[in-house]
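Presented below is the structure to which this report refers.
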């Protein structure tokens, strides 16, 4: 596994981790959640590097990528990703978006279409309904808005609690304080802007019906948005919906074997239909 940086058009340095090499199979692009680092995907980087090129990306203002005062939206992150993949010579790929990353994937499809995309995987998050969130998922919207106030006033304490809440299982192999430190690299005002634009900014649901490549939705059975994820899968033509028991929001860390088996089966099916 190695890492590097690529510069997108606004002069923003995007950090990435990379494993494996280019094959006939599409590359696997792993996008983390809100303020989370790319290295949380390390198990998948190692597991899938034997079959294809795998990249995990630190979006702008996250991990080791550049912090920017403006443009911390799914739409701009999607543009960054497009530029980064073009620079790195990645021409065909499967996009895997966890949590906030699901918004980035939807924004990517909205801007750049599906020509280069071989498949899509949404991990434990529905795409946003924009301002309609306050009506159709009012309890969720109220919870997010109240959390913003706590995060703004007590960023360290909030982040420590948030990181713990990602998991249902203990992870002695994972340095949770390193995750917290990485999350705190995102300035608090930037983090608030990201969260608001992720959830309340743009209604990304219309893009779902335009997805014309194989799609997998992997959800935690414990997700408060499980029904919304099921509805999202129903809105994507031919999408497969999988529920993982015994996992928190970080499904791929709590239940890596189940997650990897589902993703591997998805990639094998893609290969059969190339």
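In my numbering, the protein residues as written are 19 to 292.
Built from N, CA and C at the ideal position, the CB exists for glycine as well.
By the criterion of a C-beta distance shorter than 6 angstroms, residue 233 is surrounded in its chain by 138, 254 and 257, once the five residues flanking it on both sides are discounted. Restricting attention to 42, 50, 44 and 60, the CA atom closest to the CA of residue 20 is found in 60. Shown here, residue 32 sits in a strand according to DSSP, grouped into three states. For residue 152, the uninterrupted alpha helix (DSSP H) run begins and ends at 151-154, by DSSP. In this chain, residue 229 is not harboured by any alpha helix (DSSP H), its DSSP state being neither H nor E. Around the beta carbon of residue 263, a 10 Å sphere encloses fewer than 16 other beta carbons of the protein chains shown; the residue is thus reported as exposed. Note on geometry: alpha-carbon atoms of residue 128 and residue 216 lie some 14 angstroms from one another. Here residue 207 is exposed. Its C-beta has fewer than 16 other C-beta atoms within 10 Å. Nearest C-alpha to residue 198 among 83, 47 and 55: 55. Secondary structure of residue 140 (DSSP, three-state): strand. If you ignore the 5 residues before and after residue 244, its C-beta comes within less than 8 angstroms of the C-beta of 237, 238 and 261, all in its own chain and listed in chain order. At a Cβ-Cβ threshold of 7 angstroms, residue 165 and residue 146 do not count as neighbours. Taking a contact as a CB-CB distance under 8 angstroms, the pair residue 184 and residue 114 does not count as one, their CB atoms being some 17 angstroms apart. Beta-bridge annotation (DSSP): residue 25 is paired with 31. Only residues of its own chain outside the window of five on either side were considered, and among them 53 and 177 have a CB closer than 6 angstroms to the CB of residue 201, listed in chain order.
Between residue 85 and residue 205, the alpha-carbon positions lie close to 8 angstroms from each other.
Of all C-beta pairs linking the stretch 32-48 to the stretch 58-72, three or more are shorter than 8 angstroms, placing the two stretches in contact. Residue 94 holds the alpha-carbon nearest to the alpha-carbon of residue 26 among 94, 63, 87 and 81. Put simply, the backbone Cα of residue 90 is about 14 angstroms away from that of residue 29.
Exposure of residue 170 is indicated by the presence of fewer than 16 other C-beta atoms within 10 angstroms of its C-beta. The beta carbons of residue 135 and residue 231 sit closer together than 7 angstroms.
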